[in-house]
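Participant:
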Amino acid sequence: MTSRKTVTSASSSFSMHSIRNLLVLSSLCHVISANTDRERAHTLMTENPLIDGHNDIAFQLRIGYNSSLNKIDLHDVSKLSTDINRLQAGHVQTQMFAAFVFCTTQEKDAVRLTLEQVDLIRRMCTEYDEFKLVTSSEELKKAKMDNKTACLISVEGGHSIDSSLQTLRMFYQLGVRSMTITHNCNTPWAKAAVQEYKFYQSGTENLTSFGKAVVEEMNRLGMIVDISHTSSFTALAVLNHTKAPVIFSHSSSQAICNHDRNVPDWLLLELKKNRGLIMVNFYNRFISCGAEANISNVADHFDHIKKVIGAESIGIGADYEGVPELPMGLEDVSKYPALIQELLRRNWTEGELAGVLRKNFLRVFEEVERVRNNLSHKSPSEIPIPEEMVQNPCRLGFKLPENQIQKTSSSRAQQGAADLLILATVLLLSSIFMID
2 MTSRKTVTSA SSSFSMHSIR NLLVLSSLCH VISANTDRER AHTLMTENPL IDGHNDIAFQ
62 LRIGYNSSLN KIDLHDVSKL STDINRLQAG HVQTQMFAAF VFCTTQEKDA VRLTLEQVDL
122 IRRMCTEYDE FKLVTSSEEL KKAKMDNKTA CLISVEGGHS IDSSLQTLRM FYQLGVRSMT
182 ITHNCNTPWA KAAVQEYKFY QSGTENLTSF GKAVVEEMNR LGMIVDISHT SSFTALAVLN
242 HTKAPVIFSH SSSQAICNHD RNVPDWLLLE LKKNRGLIMV NFYNRFISCG AEANISNVAD
302 HFDHIKKVIG AESIGIGADY EGVPELPMGL EDVSKYPALI QELLRRNWTE GELAGVLRKN
362 FLRVFEEVER VRNNLSHKSP SEIPIPEEMV QNPCRLGFKL PENQIQKTSS SRAQQGAADL
422 LILATVLLLS SIFMID
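Printed below as a string of structure tokens:
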């Protein structure tokens, strides 16, 4: 006869064995699920490689390498988060590269420095075979067919045009296809979300009449209007004035992280009406509002924005090279698949993620180009900014400096006296000959 103690012992042994088997099975299922999501993410990104809205490598190349492309190999730049090998590993097919210069260049040499940054990006994207500089949605799609990483150029900060529509047009001619209305400083014609510098603190409207002229000219040219960095009410003014969809190229959700650089829900709803796009930023301070963040924290922003305005209004603008702190698991541009894997785990559909990866941005770019085509009958704008709005002693236009004006006046007076002397001599000689 089996004793109760023996039965209990056997039962306990069976129970522990079962629990162990369940744990092993659970772990196995988790591994299989993770592998499946990883494979799905890889397949999805192979078919729909990423268009990322913001990368500051040109700024880092200037700061760290004095813009000397000949001294580095962009295939492998270990000191940075971006290089060609890791872009390819991360399935990045199009990268918007920012031509950025500090706000401290405003009222000084912002235009020259921005031109130098544009030159650096153009060189980078034409001297390496893996890159292809593109200026249209069709060229972007062709680059994918040619297995190239397409380069789009953006200017980060309206201070770079020095309140000049002519300068804006010249940037377009050089290949720039996007511009953020402000950076972390006001311009004479628009207000920023974060005002780290004291430019134009008083009297500046969110978007002045000249600011509206900038938006109109960008619409006419076919340049994407970027409202990352602007104040919420500047962004609203742009949304109310533009004829084309706009983007937040590198901003996240203010409801998840209450930072001025993020976008509140009420403004997301206005963006939805515009058919525009918010491209989620990875900076820890915008993601978790702290020094540390992880992939799950980033995915929370995607989930919230999707809930408010739908997956069709979302893209990715990670801001690599532009921020000092990045989430664990997203430390460099090779790590994008880890985010897609997390969103798949959260039951995002492959169709939704194909939009986030590239199709949503392509739609916006194509609509911007359609608006340009519809405005092709319009002449370039000749609206100047009122002189009293620009507090810039270096902005001379075609006026001569005072000392040159005085010299010119003196020279003209002397020339006038000489002319009178010559005329008097001629008249005197004429009268002599007439007497004879």
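Numbering (our numbering) for the sequence shown: 2 to 437. Backbone N, C-alpha and C fix where the C-beta goes; we use that ideal spot for every residue, glycine too.
1) So, helix, strand or coil for Gln96, using DSSP?
2) Identify the continuous beta strand (DSSP E) that holds Asp53 and give its terminal residues.
3) Can you give me the C-alpha to C-alpha distance between Asn86 and Asp74, rounded to a whole angstrom?
4) Assign Arg113 to one of two classes, buried (16 or more other C-beta atoms within 10 Å of its C-beta) or exposed (fewer than that).
5) Pair every Cβ in the stretch 112-131 with every Cβ in the stretch 182-189, then say whether three or more of these pairs are closer than 8 Å.
6) Per DSSP, which one or two residues make a beta bridge with Glu157?
7) Just verifying my parser: in three-state terms, what is the DSSP assignment at Phe234?
8) Counting pairs of beta carbons, one from the stretch 265-285 and one from the stretch 307-317, are three or more of them closer than 8 Å?
9) What separation, rounded to the nearest whole angstrom, lies between the Cα atoms of Ser69 and Asn56?
10) Going by DSSP, name the residue or residues bridged to Gly316.
11) Kindly indicate which residue of Ile384, Phe399, Ala292 has the alpha-carbon position closest to the one of Phe1.
12) Please state whether the Cβ-Cβ distance between Gln107 and Phe172 is less than 7 Å.
13) When we look at the beta-carbon of Ser380 and count the other beta-carbons within 10 Å, is it buried (16 or more) or exposed?
14) Touching or not, the stretch 231-242 and the stretch 350-361, by the rule of three or more beta carbon pairs under 8 Å?
15) Out of Glu326, Pro328, Tyr321, Leu345, which one is the CA nearest neighbour of Gln61?
16) Count the other CB atoms within 10 Å of the CB of Asp77; is the residue buried (16 or more) or exposed (fewer)?
17) Once the 5 residues before and after Val324 are set aside, which same chain residues still bring their CB inside 7 Å of it?
18) Measuring only the C-alpha atoms, how far is Lys307 from Cys290?
19) Suppose you measure from the CA of Trp349 to the CA of Ser232; what does that come to, to the nearest Å?
20) In terms of DSSP beta bridges, what is Ile248 paired with?
21) Buried or exposed, going by whether 16 or more other CB atoms sit within 10 Å of the CB of His92?
22) Using the Cα positions of Ile154 and Asn393, report the straight-line distance between them to the nearest angstrom.
23) Measuring straight from C-alpha to C-alpha, what distance separates Cys395 and Thr209?
24) How many angstroms separate the CA atom of Arg146 from the CA atom of Glu140?
25) Output the boundary residues of the alpha helix (DSSP H) element that contains Lys142.
26) What's the C-alpha gap between Ile52 and Thr105?
Facilitator: Reading it off the structure:
1) Mapped onto the sequence shown, residue 96 falls at position 95. Here Gln96 carries a strand assignment [DSSP, helix/strand/coil].
2) Stepping through the sequence shown from its first residue, residue 53 is reached at position 52. For Asp53, the enclosing beta strand (DSSP E) starts and ends at 51-56.
3) Locating residue 86 in the sequence shown gives position 85, where the first residue counts as 1. Locating residue 74 in the sequence shown gives position 73, where the first residue counts as 1. Just so you know, the alpha carbons of Asn86 and Asp74 end up roughly 11 Å apart.
4) Residue mapping note: residue 113 aligns to position 112 of the sequence shown, counting from 1. With fewer than 16 other Cβ atoms within 10 Å, it is exposed.
5) No: the two stretches stay apart, fewer than three of their Cβ pairs being nearer than 8 Å.
6) Against the sequence shown, residue 157 aligns to sequence position 156. The partner list for Glu157 (beta bridge, DSSP) reads Phe101, Thr181.
7) To locate residue 234, count along the sequence shown from 1; it is residue 233. Assignment of Phe234 by DSSP, reduced to helix, strand and coil, places it in the helix class.
8) Pairwise C-beta distances place the stretch 265-285 in contact with the stretch 307-317, as three or more of them are shorter than 8 Å.
9) Position 68 of the sequence shown holds residue 69. Position 55 of the sequence shown holds residue 56. Between Ser69 and Asn56, the C-alpha separation is close to 18 Å.
10) Translated into positions along the sequence shown, residue 316 becomes position 315. Bridge partners of Gly316: Met280.
11) This structure cannot settle anything about residue 1, because the visible part of the chain is limited to 2 through 437.
12) One-based indexing of the sequence shown puts residue 107 at position 106. One-based indexing of the sequence shown puts residue 172 at position 171. No, the Cβ-Cβ distance between Gln107 and Phe172 is not below 7 Å.
13) Here residue 380 is taken as the residue at index 379 of the sequence shown, counted from 1. Counting the other CB atoms within 10 Å of its CB gives Ser380 a total below 16, which places it among the exposed residues.
14) Segments in contact, no.
15) Walking along the sequence shown from the start, residue 61 turns up at place 60. The candidate whose alpha carbon is nearest that of Gln61 is Tyr321.
16) Your numbering for residue 77 matches position 76 in the sequence shown. Flag for Asp77 reads exposed.
17) In the sequence shown, the residue the question calls residue 324 occupies position 323. Taken in chain order, the residues that qualify are Tyr284.
18) Position 306 of the sequence shown, counted from the first residue, corresponds to residue 307. Position 289 of the sequence shown, counted from the first residue, corresponds to residue 290. Roughly 20 Å between the two C-alpha positions.
19) Position 348 of the sequence shown holds residue 349. Position 231 of the sequence shown holds residue 232. Cα-Cα distance, rounded: 31 Å.
20) Residue 248 sits at position 247 when you count from the first residue of the sequence shown. Residue pairing by DSSP places Ile248 opposite Asp227, Leu278 in a beta bridge.
21) Mapped onto the sequence shown, residue 92 falls at position 91. Flag for His92 reads buried.
22) Taking the sequence shown and counting its residues from 1, one reaches residue 154 at position 153. Taking the sequence shown and counting its residues from 1, one reaches residue 393 at position 392. Those two C-alpha atoms are separated by around 27 Å.
23) Numbered from 1 along the sequence shown, position 394 holds the residue referred to as residue 395. Numbered from 1 along the sequence shown, position 208 holds the residue referred to as residue 209. So the two alpha carbons sit approximately 22 Å from each other.
24) Residue numbering aside, residue 146 sits at position 145 when the sequence shown is read from its first letter. Residue numbering aside, residue 140 sits at position 139 when the sequence shown is read from its first letter. Checking the sequence, you will find Met at residue 146 rather than Arg. In a straight line, the C-alpha of Met146 is about 10 Å away from that of Glu140.
25) Here residue 142 refers to the residue found at position 141 when the sequence shown is read from its first residue. 138-146 is the extent of the alpha helix (DSSP H) around Lys142.
26) Along the sequence shown, one-based indexing puts residue 52 at 51. Along the sequence shown, one-based indexing puts residue 105 at 104. Ile52 and Thr105 have their alpha carbons spaced roughly 30 Å apart.
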